[in-house]
DNA sequence: CGACTCTTTGAACTACCTCAAATGTGGTGG
DNA sequence: CCACCACATTTGAGGTAGTTCAAAGAGTCG
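Protein chains in written order, with this note's numbering: chain A, 1 to 230; chain B, 231 to 460.
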């Protein structure tokens with residue numbers, strides 16, 4: 001790994017506060033690698049060899065059963081994934097594939113586990129990361145079970161609006177069919193949800209969303225849960 | 231807290247391997263308390279004062295929004311809950327209420343965080359617990375998004391069958407309406423799902439389920455994901 | 001331009017929900 | 001122990017959100 005890359009990695013929340021010697025140990029066992037788009041990184045039901053940390057690009061977590069597939073989460077940098085499986089040394093519950101070309105840091109699983117035992121600061125960072133992942137899934141599950149598909153789209157817009165600094169225009173960072181899958185619906189339905197929202201002042205042009213009237217937008221979103229979106 | 235209770239608690243996976251002095255510190259700040267059924271233990275959007283560990287009874291995690299409510303998980307002993315919020319010192323994403331009278335160990339949140347930093351063994355146990363919780367939610371989400379309501383019931387039966395040691399008869403450990411909510415459906419629909427399953431050799435008598443033909447049951451469940459059910 | 005894939009639109013279908021009523025069940029006090 | 005009540009479950013009928021299938025329109029990239 002290059003010196004410049006190491007310097008950047010060292011600044012990640014997962015590593016920034018930890019002991020230098022432990023960091024070096026992690027990195028000695030690590031690979032930083034580009035993968036092309038649509039690469040299967042992880043297959044369900046296998047045992048973890050490496051902790052994966054997404055550094056560039058986008059990755060989809062998905063679950064399959066009997067030919068059907070469902071999106072669990074869509075990850076953007078910087079995010080460690082499959083932490084739970086690595087920590088417990090258990091089978092992956094979901095697969096992972098790149099949506100775009102992606103640069104991923106791979107750290108040997110048993111090195112993680114061993115450094116984890118010795119470095120409390122690192123341990124805390126790992127837990128924090130895992131907790132974040134947990135809370136993200138809870139949010140998704142909550143959205144799935146409460147409210148209809150249009151609500152889910154509206155919620156996603158509201159969260160994405162914050163993430164993109166409330167510019168009033170939002171870029172959908174991937175294909176609409178991916179967004180649909182993430183929101184647990186069909187592309188057709190996402191399209192129809194956007195139609196519905198247009199009547200409430202949200203205009204869709206390709207991958208750009210425009211919030212025409214922020215006041216009525218806020219009123220629309222109010223009933224939705226919007227705290228703790230990280 | 232009584233000496234006998236402490237002895238039992240000491241044996242829990244979360245505490246069994248940790249340093250005695252740290253254990254004592256945790257317990258000095260802890261309360262072991264019975265709560266009546268249907269007590270609200272935790273309210274969404276509040277900050278955690280205590281880590282909760284369910285020792286006896288059952289607890290429901292739920293989310294609400296605009297009057298609607300959805301079950302996130304149903305906990306049985308021994309399970310620590312709201313770990314993610316405690317670790318990150320962030321708002322609860324879901325509420326928790328007792329389903330039955332329940333005995334709960336409350337440990338001060340900041341004591342948890344401080345012992346966590348000093349005791350690597352405890353840290354690992356916390357992560358392990360959190361990872362388990364994470365994986366449980368992933369399973370639920372997966373079930374929600376893949377397959378219909380009858381599939382979800384079937385899957386639940388299969389998992390519960392294992393948990394109850396494949397005796398061939400299964401006790402539903404709570405009201406059917408709770409099960410329905412846990413599986414993200416209406417009680418009416420659960421009832422109809424049981425009807426459907428009866429045609430496949432699963433007989434329902436009150437809270438008792440009988441698997442009449444294990445061979446055909448296995449065939450039925452096969453297409454479902456059933457690995458890693460913990 | 002032309003061959004893709006993605007997105008939108010329409011129409012028919014289906015699973016699930018809602019509402020309402022009947023039936024079953026457990027607990028309580030007489 | 002029984003009668004009764006409250007509440008859980010089941011059954012039925014009708015409505016609705018979302019799916020599926022098919023085809024047309026838009027982007028995108030060689």
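Think of the CB as a built atom: it goes at the ideal place given N, C-alpha and C, for glycine as much as any other residue.
Buried is the label assigned to residue 301/B, since at least 16 other Cβ atoms lie within 10 Å of its Cβ.
Legend: CB atoms of the stretch 319 to 349 of chain B lying less than 7 Å from CB atoms of chain A belong to residues 320, 321, 323, 324, 346, 347, 348. Contact with chain B is found for residue 142/A, since one of that chain's Cβ atoms lies less than 8 Å from the residue's Cβ. Here residue 434/B has 424 as same chain residues with Cβ atoms under 6 Å from its own Cβ, once five neighbours each way along the sequence are excluded. Distance from the Cα of residue 31/A is smallest, within the candidate group 52/A, 12/A, 18/A, for 52/A. Taken in chain order, the complete alpha helix (DSSP H) segments of 4 residues or longer contained in the stretch 179 to 219 of chain A are 187 to 198. Residue-level contact by beta carbon holds for residue 376/B and chain A, with a gap shorter than 8 Å. Closer than 8 Å to the CB of residue 368/B there is at least one CB belonging to chain A. When C-beta distances to chain B are compared with 7 Å, the residues of the stretch 56 to 72 of chain A below that value are 63, 65, 66, 68, 70, 72, in chain order. By the rule that beta-carbons nearer than 8 Å mark a contact, residue 126/A touches chain B. If you check each beta-carbon in the stretch 379 to 390 of chain B against every beta-carbon of chain A, none falls closer than 8 Å. By the criterion of a C-beta distance shorter than 6 Å, residue 360/B is surrounded in its chain by 313, once the five residues flanking it on both sides are discounted. Residue pairing of residue 282/B in beta bridges, as defined by DSSP: 311/B, 336/B. Chain-ordered, the chain B residues with CB closer than 8 Å to the CB of residue 184/A read 374, 375.
Per DSSP, residue 149/A is one residue of the alpha helix (DSSP H) stretching across 149 to 163. In the structure shown, residue 399/B adopts extended strand secondary structure according to DSSP, grouped into three states. Rounded to whole angstroms, the separation of the alpha carbons of residue 192/A and residue 160/A is 19 Å. At a cut-off of 8 Å between beta-carbon atoms, residue 361/B makes contact with chain A. In this chain, the beta strand (DSSP E) harbouring residue 73/A covers 68 to 75. Per DSSP, the continuous beta strand (DSSP E) segment holding residue 42/A begins and ends at 40 to 42. In summary, residue 169/A is exposed, with fewer than 16 beta-carbon neighbours lying within 10 Å of its beta-carbon over all protein chains present.
Taking a contact as a CB-CB distance under 8 Å, the pair residue 414/B and residue 374/B counts as one, their CB atoms being some 6 Å apart. Cβ-Cβ distances below 8 Å link residue 176/A to 187, 190, 191, 207 in the same chain, with the five nearest sequence neighbours on each side left out; the list follows chain order. A Cβ-Cβ distance of about 6 Å is found for the pair residue 236/B and residue 257/B, placing them in contact under the 8 Å criterion.
Take residue 269/B, set aside five residues on each side of it, and the residues of its chain with a beta-carbon closer than 7 Å to its own are 327, 328, in chain order. The Cβ of residue 255/B sits no closer than 8 Å to any Cβ of chain A. Leaving aside the five residues that flank residue 85/A on each side, the residues in its chain whose CB is nearer than 6 Å to its CB run, in chain order, 48, 92. Straight through space, the alpha carbons of residue 441/B and residue 447/B are spaced by roughly 7 Å. Between the alpha carbons of residue 244/B and residue 198/A lies a distance of about 51 Å. Ranked by Cα distance from residue 254/B, the options 311/B, 287/B, 231/B, 263/B are led by 231/B.
With respect to chain B, the C-beta atom of residue 123/A has a partner C-beta closer than 8 Å. Chain A has a Cβ within less than 8 Å of the Cβ of residue 364/B. Pairing residue 310/B with residue 201/A, the inter-Cα distance amounts to about 44 Å.
Residue 56/A sits close to residue 102/A, with the two beta carbons spaced by under 8 Å. Shown here, residue 141/A sits in a helix according to DSSP, grouped into three states.
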